[in-house]
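Just so you know, the protein sequences line up as chains B and E, in that order.
Here the numbering used here is used: the first residue of the first sequence is 236, the next is one more, and so on.
Here the numbering used here is used: the first residue of the second sequence is 3, the next is one more, and so on.
For glycine and all other residues, C-beta sits at the position ideal for the given N, C-alpha and C.
For reference, the structure discussed in these notes is given below.
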Amino acid sequence: MVEKGVIADDLAGRRIAVTGSTGFLGTAIVERLLRSVPGCEVALLIRPGRRGAADRVRREILRNDCFDRLRRELGDRFDAEVARRITTMAGDVSVDGLGLDDEGRALLASCEVVIHSAAAVSFDSPLDSAVEINLLGASRVAQAITESGSGAHLVAVSTAYVAGTRRGASPERVLPETPFAASVDWRTEVAAARRARADADAESRRPERLAGFHKQARSELGGAGVPLLAEKTERLREDWVKASLVEAGRSRAQSLGWPDAYAYTKALGERALLQNRGDVPVTIVRPSIIESALHEPFPGWIRGFRMAEPVIISYARGLLKEFPGIPEGTVDVIPVDLVVAAIIAVAAAGPAPEGPSVYQVASGSRNPLKYRRLVNLVHDYFTDHPLYDTAGQPIVVPEWSFPGRGRVLRQLQRATKAVALAEKAVGAVPLRGQQAAWTTKLDERRTEVDRARTYVELYGAYAETEAIFQVDRLLVLFEGLEPGDQDAFAFDPAIIDWDHFVHGVHLPSVVEHARVRTTPGRRAGPSRFDRGKRAILSPDRHFAAFDLENTLIASNVVESYSWLATRHLSGDDRARFTARMLREGPRLLALDRRDRGDFLRHFYRRYDGAPVDRIEEDARELFTQLILTKSFPAGMRRVREHKALGHRTVLITGALSFVVEPLRPLFDEIVSASLGQRADGTYNGELQQGPPTGEARALILMDYAAAENLSLEESVAYADSASDLPMLEVVGHPVAVNPEAKLAAVARKRGWHVERWTKSPGGPRPLLPIGPLGPHALRGAPR
Amino acid sequence: MAPNNSVRHGRPGFVLEVDRSTPPTLFWHGEGFRLEKLPVGSRVIYAPEPVTALKDPDGAIRHALLNPLGDSKPLPDLLTPGMKLTICFDDISLPLPPMQKPDIRQMVIEAVLDLAAEAGVDDVVLLAALALHRRMTDAELRHALGDRVFDAFAPSGLLQQHDAEDPSKLMHLGATEAGEDVEINRRAAESDLIVYVNINLVAMDGGWKSTATGLSSYKSLRHHHNVKTMQHSRSFMDQHRSELHSSNWRMGKVIKDAGIKVFQIETTLNNDTFPDSFDFLQKREWEWGPRDRASFLAVSKTLDRTPDRLKRGIFHGIKAPHRMTSVQAGEVEAVHAVTTENVYRQQLVQVEGQTDVLTMGLPYISPYNVNSIMNPILVACLGLGYFFNLYRNKPLVREGGVVIMSHPTPWAFHPVHHPSYIDFFEQVLSETTDPLEMESKFEEQFATDPWYIHLYRTSYAYHGVHPFYMWYWCAHALQHLGGVIIVGGDPRSVRRLGFKPASTLRDALEMAEDVVGRDPSITHLHNPPLFLADVR
């Protein structure tokens, strides 16, 4: 029988407020309070979101596997127990007064302890939001406590890295009493951060910038139509503003000697809290890098993919070839349950009578883990338990040589440049099919390099930190606990056996959460492709819409035109015609890329004066000689498979009606371009309606679905280029057929099904799309 | 005796027994050749040399029209002003390779049209008897009929091609005693006289098959183009033992009983198959002179360096110097009896006994890929459908024996001519190679697919069901044989066909021994030029 401690008794009957309860640390605090301090109640300050605060508690906190143990222990009583002990107050630490309503304020007033763990922990938060949450959050909580008049004890969670990146011992003292960290005025920093948001926003709206975003959107999407381009442009602008603010945060932090905006805002937050706390008793708890649980609620518990995990997984996948760091340096990692236990012990102990005090929860001074040892442990682990690549082969992890951060960054920058250059080169030529896969590969490679650089930029400093965080006060607190409490709330970092923690607890947990391949060989069961195909050819689908050019046939409107135009020409005229078309080629191609609709309008003027009956007659031969000859048999088969399943089939094409007329038996509906006719039986070269291109296709499909009472969500669309994105996005089952580079990238990112259809192998390959010498031409041609 | 019975001048067919001094044997290999050293003791069967052609084919044609066989009146007596006359002719599948101008069809049709004009007949339609084959292109029609006939009939729409999928252009004539539907072209059925112009390349061609098959529809064809019929046609080249023949003859009776008058004109060709530059192809290897060796070398070396598409163009450009050896006209069955004798005169070779292993080199052409691509299904059909069945009495290869065919068998299809073949290869053969299973499970779906029907009618596609017929053509061989090996074929397509790929003939013979035992007897079919083995 374990000796009974007093912490649970001390906190029994009290109500403890927790902020940041949806976070990694917050969730663990709530769970531990509910399980290990049976007599207390918890009040959660939570942003209501769309579904309301109570719903978020249920979905985002209680459903986490953190509560599995408690659920098991309580059995049927779990729901009643949490309902009785958890109350919520809708609020937000980034708003003055915490955004509390009267009820919330009353609830806060009833709390005797407030544990403030809410933070923007992401190391690449935009400067302004980091300032609002990390810098001002704790002060706002203190002010709310003051206003409530409860005199509650505020336990504010900070970070050990407020000490910055300097060498030497970092004591458990409030910042003004330490030699660390620049003593800049936090108010100035807040004002500057808020201004930075406005400045970045203004900058992003400058015409040159907007033109740049537009250009980038176009280069990524091609002629996808106005609405999609506009949407993408705006997204790029917002991303740019965010990136500027992230950059502003990082550079400001580093200019003042902190590794990143998180530590910088937290440090200033501590200073602000000391000034703004009024009479509220404050205790600051500074954990170092929090990682998976050592024991509680179960070994390896972790929430979210955090700082070290992506780095570890990238390493295990062989992507991170080098990472900076000082081999003899200390990586200060602390399991989450130790931090939680320390916080609860602090809460139970109550505030120090002499004023604000600090506890650091870190391993560096008591039980240091050297960087080289960590790297070796990780290397050994993944050598024994390798991840597997897509071919089912084990991945060999690289050996790190501990280069300086600058060298790694330079290497990565060179790689980035090389990839960007290759991308530009590949992007300049129209590719599809197998070749477009190169661009997909390049894209993947760029993502890898980008990610590696981000990791190095963000986390490099942590591997290079030479500060040693003192834990003297923490140990005194621990020594002062009853033996029973020492067992139930163990937070002495000396208990960590690093080999066991890394190999037996942390890495298995990380690997599990990363959902990576841990078994060799090919995956059993149907392949991704087969599953995709089965979903598309499910009887539940309603209709299937097909683009024509390069989706069902390897041809285009220019070829159809050339074929028809040359069918009745004699030898010399054909040569002249061919030469002219070849000369015009690049210009037409450029126009087509810029705007498909304009291109068609422009190009179809060439039919001005063409006799309707002759064109219709010739179109029958065109069907055989060009359309069928260049068709993709698998595509034609797919149309009929849809038909056989009872799906409607729709053809949407910018090609002219007489060109696609022979395809009618395949489709229930054909939407094509059609030319006006004159009274004298010739075409006037003008389109009768706008050409069905770009976003018009989405509208056509929407109208069609509405008129026929079909569901877009249950329908399929096949297309080959980014200009068809509107059509692909409007249905529930988009399929990229022989996608050109841009669409290939989009399809890969969104997990769309991709088909590679080819012309009939061995079939005729006319060199030039010109009509055969017909009998009329023969007679006129010189022999 | 009619003057069109010419005298043989070429030497008869010959069976060589390979000994140590025998030079390597020429194997056809698609658009190319292989020289293979056959094991000592193997037999090589050579076709008879071309029999002497008619000296005055036009005169012979006119003579045949005026002196009909059987109970038919001379053609001029059948032609009256105001009558409806339909002249039907064989399509692009005959002859093989297409012949040099003038085509026999042109010569015969011009003669018939002259008589019709003399008799004052003005309702004349020319009808290509396609059955379920692809439509002929204008250029192909022009080649078969000549400029004069083409230009006189095509512009006014009087040159037509049979459309087996237009119900308004078909007429159901009833059923045979065996319950087989007889449905033929309406224009032909409603004519006062059908003149059918045949080119009888092999013994199966002609007779009632011309009208009962060439002018019919799927509804009618399925009664004899099926697995059961083909398994009971042993072989379909031997009319006395061919269920295909019997079925067509039963249908002929229905046609006759319906009061439809057919004036049958049948012609036979000699087997002068290749022009001078390819002369070596129809000589026996030990008789090759320096010129033959030189041209063989030149041709082989050139082909080695030629891309596949170009090679195909070169070979399909070959026009055979075939010459007419006989022409007979009149009542269908009487005409066909004489024709068959004339075919045999050119093609029959006496062969003693069966063989364990039959080898054959498959050329670039079959009846269904003229100006097109010999896809894997056609490779199978040419080898196991046609060449295997070139026998009388009993198959050249014993039951349980092995056929070794040589052909590159590329995974290649003509997208316009053979669209249903592509799907058949992907969807049917990937599931089963058993003719009976595919017949019951897939045939109807392909036969009634509206897209294939559309392509057959408006483009130049073989009917959706046609690939099935190709496979049924192999049914007798598949049932009879213990194994099929293709030498030098694309292994993927060979396996899809259910056969075994081998890279050399030596390997193939080793593999065959696993089936037929050690030291098998081997016979090589040195074909084309075509022959028919009379196996004793």
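| Asked | Found |
| --- | --- |
| Going by C-alpha distance, which of E:342, E:327, E:532 and E:384 is nearest residue 62 (chain E)? | E:327 |
| Considering Cα atoms alone, identify which of E:206, E:189 and E:294 is closest to residue 218 (chain E). | E:189 |
| From residue 369 (chain E) to residue 376 (chain E), what does the alpha carbon distance come to, in whole angstroms? | 10 Å |
| Answer with buried or exposed for residue 878 (chain B), where buried requires no fewer than 16 other C-beta atoms within 10 angstroms of its C-beta. | buried |
| Let me check understanding here. Comparing Cα to Cα, which of B:704, B:726 and B:448 lies closest to residue 713 (chain B)? | B:726 |
| With respect to the beta strand (DSSP E) encompassing residue 402 (chain E), which residues constitute its N-terminal and C-terminal limits? | 399-408 |
| Consult DSSP for residue 330 (chain E) and reduce its assignment to one of helix, strand or coil. | strand |
| Quick one: using the 10 Å Cβ neighbour count with 16 as the cut-off for buried, is residue 467 (chain B) buried or exposed? | buried |
| What does residue 486 (chain E) touch in chain B if you count any residue whose Cβ is under 9 Å from its own? | Near residue 486 (chain E) there are no residues of chain B at all, since even the closest Cβ is about 22 Å away, more than 9 Å. |
| Contact defined as beta carbons within less than 8 Å: I believe residue 397 (chain B) pairs with residue 502 (chain B). What is the distance between those atoms, to the nearest angstrom? | 4 Å |
| Closer than 9 Å between beta carbons: that is the criterion. Which residues of the segment 974-999 of chain B meet it against chain E? | 994, 995, 996, 997, 998 and 999 |
| Report the start-end ranges of each beta strand (DSSP E) in the segment 785-863 of chain B that is 3 residues or longer and not cut off at the edges. | none |
| Please tell me whether residue 105 (chain E) has its Cβ less than 8 Å away from any Cβ of chain B. | no |
| Use the C-beta contact count for residue 510 (chain B): other C-beta atoms within 10 angstroms, 16 or more gives buried, fewer gives exposed. | exposed |
| Using 8 Å for Cβ pairs, my map puts residue 570 (chain B) next to residue 604 (chain B). What's the rounded Cβ distance? | That pair is no contact at about 12 Å. |
| What are the boundary residues of the alpha helix (DSSP H) that residue 362 (chain B) is part of? | 362-365 |
| From the DSSP secondary-structure annotation, give me the bridge partner or partners of residue 200 (chain E). | E:268 |
| Tell me the residue span of the beta strand (DSSP E) that contains residue 88 (chain E). | 86-91 |
| Please go through the same chain and pick out, in chain order, the residues whose beta-carbon is closer than 6 Å to the beta-carbon of residue 472 (chain E), but skip the five residues on each side of it. | 379 and 383 |
| Can you find a CB in chain E that lies within less than 8 Å of the CB of residue 1018 (chain B)? | Because the pLDDT of residue 1018 (chain B) is 28, which lies under 50, any placement of that residue in the model is unreliable, and the number read from its coordinates should be weighed accordingly. Chain E, which has no Cβ nearer than 8 Å to the Cβ of residue 1018 (chain B), makes this no. |
| Under the rule that 16 or more other beta-carbon atoms within 10 Å means buried, what is residue 522 (chain E), buried or exposed? | buried |
| Tell me, please, whether the CB atom of residue 375 (chain E) is closer than 8 Å to any CB atom in chain B? | yes |
| How big is the Cα-Cα spacing for residue 543 (chain B) and residue 409 (chain B)? | 28 Å |
| What does residue 404 (chain B) pair with, by DSSP beta-bridge criteria? | B:703 |
| By a C-beta neighbour count over all protein chains shown, 10 Å radius and 16 as the cutoff for buried, is residue 860 (chain B) buried or exposed? | buried |
| Residue 221 (chain E) and residue 245 (chain E): beta carbons closer than 8 Å? | no |
| Checking the sheet assignment: what are the DSSP bridge partners for residue 234 (chain E)? | According to DSSP, which records beta bridges pairwise, residue 234 (chain E) is partnered with nothing at all. |
| List, in chain order, every chain B residue whose beta-carbon is nearer than 9 Å to that of residue 310 (chain E). | 997 |
| Can you give the beta carbon distance from residue 389 (chain B) to residue 515 (chain B), rounded, assuming they're within the 8 Å contact cut? | 5 Å |
| Check whether the Cβ of residue 4 (chain E) lies closer than 8 Å to any Cβ atom in chain B. | Confidence at residue 4 (chain E) is low in this model, with a pLDDT of 43, below 50, so its placement is unreliable and no value can be given for it. |
| Of all the options B:632, B:313 and B:371, which has the alpha carbon lying nearest to the alpha carbon of residue 547 (chain B)? | B:632 |
| If contact is defined by three or more beta carbon pairs under 8 Å, each pair taking one atom from either stretch, is the segment 401-413 of chain E in contact with the segment 468-483 of chain E? | yes |
| Please report how far the alpha carbon of residue 213 (chain E) lies from the alpha carbon of residue 191 (chain E), in whole angstroms. | 10 Å |
| Determine the burial state of residue 138 (chain E): buried for a count of at least 16 other Cβ atoms within 10 Å of its Cβ, exposed for fewer. | buried |
| If we require 4 or more residues per run, which alpha helix (DSSP H) segments fall completely within the segment 532-579 of chain B? | 543-551 |
| Could you name each continuous beta strand (DSSP E) segment of 3 residues or more that falls completely within the segment 241-324 of chain E, going from the start of the chain to the end? | 264-271 |
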